[in-house]
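In what follows, a structure is listed as structure tokens, so that the remarks can point back to it.
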């Protein structure tokens, strides 16, 4: 999911003809104060660092770690989602069955 932030500082708005022909004349923008962060680059750097640490640790350490279990709430949410899907399919099949017997 990409988040895009827009900030518009306009001193004049020129409209010529209709909504498709709106022109914004922006005010001169000041340089941003401080450092501008690139979150995508930071995320990639952290992922690369974690991958290198896993490679350096070797397969022995990964094998010794116990697999993580999902929390109970997540397991029940998955089971309930499957039950709800099965119920929707069952109702749909029952409706089709009833319709075919009417015809």
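Residue numbers (the numbering used here): 6 to 108.
We put the CB at the ideal spot given by N, CA and C, even for glycine.
Query, Result
"Report the rounded CA-to-CA distance for residue 42 versus residue 90, giving the unit in angstroms.", "43 Å"
"What are the boundary residues of the alpha helix (DSSP H) that includes residue 40?", "Where residue 40 is concerned, there is no enclosing alpha helix (DSSP H), given that its DSSP letter is neither H nor E."
"Do you know offhand how far residue 7's Cα is from residue 105's?", "47 Å"
"Quick one: Cα of residue 45 to Cα of residue 62, how far?", "26 Å"
"Helix, strand or coil for residue 61? Go by DSSP, reduced to three states.", "helix"
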